[in-house]
Amino acid sequence: MFIRRTLPLLVSAIFGVALIFQFFIPHPASKSFYNMMLDWLIIVSAFTYLIAVQSTVELHITKIKRKVEGWQYSIIVLVSLFVTALLGIFGGAFMPTTLWMKIFHNVKPTDTTPLMYTYLYMQMPMQSTIFSLLAFYMASAAFRSFRARSFDATLLLITAGIVTIGRVPLGEFIYKGLPDVVEWILKYPNMAAQRGILIGVQLGIIATSIKIILGIERKYLGGGK
Amino acid sequence: MALSSNFWIWIAAILTLAIYSFLYKDNPFYKFAEYLLVGISIGYGISVYWHNTIITKVFNPLVYDKNFLVLIPLLLGLLMFSRFFKNVAYLSRIPIAFVVGAGTGLSVPSSFEFLFKQVYATMPTKLDIGIIIIVIGVISTLIYFFFSLEHKGFVGRVSRVGITFIMVAFGAAFGYTIMARVSLFIGRIQFLLSDWLGIIK
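Chains as they are written, first to last, in the numbering used here: chain A, 1 to 225; chain B, 1 to 201.
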């Protein structure tokens, strides 16, 4: 019971309290403790990423084994995942590795890595194309969902229209003062609501954090014994 | 017109067109590009974690600096894999507790700092219509999200003002999102017509 429940709660409480206290201690030792904790967090988080990768790989292997509809696409995921990972691990992420330069003698340390080629010419174009594709769907979805049914929906639609048109030369062409109207909307009513939401979010974060540290909120431990 | 002779530009152009083919209807070309993107993105993440975390923050300090303290997060990380063994699966709670605990410890002071900055910025320093709008907007938005009081009477009226401000902010955010997507679309078309086909300069 101690290892299953109490120890995890103690671990989160101790590290939580320690990191809150270090913020108020202006000493180099406190700063180096903070940096060490940041590194530890990054290291442990890397393993959580691996768990996510394992889950994805397992999902696609199951799809291939069971020959579910579209299983052929799972092969694409697995092949591209392993090829990219191997290219990145052996070829280097942002600069070529020593091993890569030993294998390919003409590769210089300043050369673009194979991983960067896949990033610049495959991942980035595809990502931005998918996001740009949403431009078409957002407009039609917005028209369907925000059709001025109520005062609030009308307000949202009008603001969106003014901000969109007012930020391009067409807006100024229609009405010279439109960019100023947009500026005013962004600077005052928009800023007020954003600030209200942000203050609420920060209060929520603080309350939840304190609940976690005190062991009141323990859903992150999952179910079971 | 000078068609690109760069192999990688062709790859990027073909993948771009494969994704745009979805505008007609869902098809195997789109699906191919979509699944390829998933695989490449995960592979990219693994590579970056490998070099930036495992090599830089674990291997190098351990081997070259003899900093054995990094064995603690390494061990914690490895404990994550205990979830694959039913009889010791509970051990994976320890690294999760560490991430959650340390994360909350880090977030509390920074959240307070951010909160105070926002409250300070809202304080009226002079009587100005813009500042009054901000004060009213912030208070009414906060009241709209305050559910411990029933939204009736005065509270109800103030929260009604709050929702009006929120709708304006959501409208502005929505307008900006559309703008961002359209500018991405222009960027892709520019890439196809300029970098790939060489029709425009």
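Every residue gets a Cβ at the ideal spot worked out from N, C-alpha and C, and that includes glycine. These numbers were taken from a predicted model, which means no experiment stands behind them.
Hey, would you say residue i sits closer than 8 angstroms to residue j, going by beta carbons?
| i | j | result |
| --- | --- | --- |
| residue 44 of chain B | residue 115 of chain A | yes |
| residue 141 of chain B | residue 196 of chain A | yes |
| residue 223 of chain A | residue 31 of chain B | no |
| residue 193 of chain A | residue 168 of chain B | yes |
| residue 129 of chain A | residue 176 of chain B | no |
| residue 133 of chain A | residue 29 of chain B | no |
| residue 54 of chain B | residue 164 of chain A | no |
| residue 15 of chain A | residue 22 of chain A | no |
| residue 81 of chain A | residue 131 of chain B | no |
| residue 182 of chain A | residue 162 of chain A | yes |
| residue 188 of chain A | residue 12 of chain B | no |
| residue 73 of chain B | residue 67 of chain B | no |
| residue 118 of chain B | residue 216 of chain A | no |
| residue 44 of chain A | residue 98 of chain B | yes |
| residue 155 of chain B | residue 143 of chain B | yes |
| residue 4 of chain B | residue 187 of chain B | no |
| residue 228 of chain A | residue 33 of chain B | The shown model of chain A, from 1 to 225, leaves out residue 228 of chain A, and the question about it has no answer. |
| residue 9 of chain B | residue 196 of chain B | yes |
| residue 133 of chain B | residue 161 of chain B | no |
| residue 18 of chain B | residue 190 of chain A | no |
| residue 201 of chain A | residue 94 of chain B | no |
| residue 93 of chain A | residue 51 of chain B | yes |
| residue 64 of chain B | residue 4 of chain A | no |
| residue 104 of chain B | residue 89 of chain A | no |
| residue 16 of chain B | residue 192 of chain B | yes |
| residue 210 of chain A | residue 111 of chain B | no |
| residue 113 of chain A | residue 95 of chain A | yes |
| residue 246 of chain A | residue 174 of chain B | An answer regarding residue 246 of chain A cannot be provided, because it is not within the stretch 1 to 225 covered by chain A. |
| residue 53 of chain A | residue 46 of chain B | yes |
| residue 156 of chain A | residue 145 of chain B | no |
| residue 9 of chain A | residue 102 of chain B | no |
| residue 153 of chain B | residue 46 of chain A | no |
Mind reading off the beta-carbon distance from residue i to residue j? Whole number of angstroms is fine, and I expect it under 8 angstroms.
| i | j | result |
| --- | --- | --- |
| residue 118 of chain A | residue 87 of chain A | 7 angstroms |
| residue 185 of chain B | residue 135 of chain A | 5 angstroms |
| residue 74 of chain A | residue 64 of chain A | 5 angstroms |
| residue 38 of chain B | residue 77 of chain A | 5 angstroms |
| residue 48 of chain A | residue 80 of chain B | 6 angstroms |
| residue 220 of chain A | residue 108 of chain B | Rounded, the Cβ-Cβ distance is 16 angstroms, inconsistent with contact. |
| residue 152 of chain A | residue 163 of chain B | 6 angstroms |
| residue 91 of chain A | residue 97 of chain A | 6 angstroms |
Buried or exposed for residue i, going by 16 or more other Cβ atoms inside 10 Å?
| i | result |
| --- | --- |
| residue 19 of chain A | buried |
| residue 60 of chain A | buried |
| residue 116 of chain B | exposed |
| residue 96 of chain B | buried |
| residue 35 of chain A | exposed |
| residue 84 of chain A | buried |
| residue 147 of chain A | exposed |
| residue 49 of chain B | buried |
| residue 28 of chain A | exposed |
| residue 167 of chain A | buried |
| residue 170 of chain A | exposed |
| residue 177 of chain A | exposed |
| residue 14 of chain B | exposed |
| residue 120 of chain B | exposed |
| residue 1 of chain A | exposed |
| residue 138 of chain B | buried |
| residue 35 of chain B | buried |
Assuming residue i is part of the alpha helix (DSSP H), what are its boundary residues?
| i | result |
| --- | --- |
| residue 60 of chain A | 28-66 |
| residue 172 of chain A | 169-174 |
| residue 195 of chain A | 191-213 |
| residue 88 of chain A | 71-91 |
| residue 110 of chain B | 93-122 |
| residue 81 of chain B | Here residue 81 of chain B belongs to no alpha helix (DSSP H), and DSSP marks it neither H nor E. |
| residue 60 of chain B | 60-63 |
| residue 167 of chain B | 153-190 |
| residue 102 of chain A | 98-103 |
| residue 121 of chain A | Run containing residue 121 of chain A: none; DSSP gives neither H nor E here. |
| residue 137 of chain B | 129-144 |
| residue 160 of chain A | 151-166 |
| residue 50 of chain B | Here residue 50 of chain B belongs to no alpha helix (DSSP H), and DSSP marks it neither H nor E. |
| residue 18 of chain B | 7-20 |
| residue 180 of chain A | 178-185 |
| residue 23 of chain A | 7-23 |
If we cut at 8 angstroms on Cβ distances, does residue i have a partner in chain D?
| i | result |
| --- | --- |
| residue 141 of chain A | No chain D is present in this structure, whose protein chains are A and B. |
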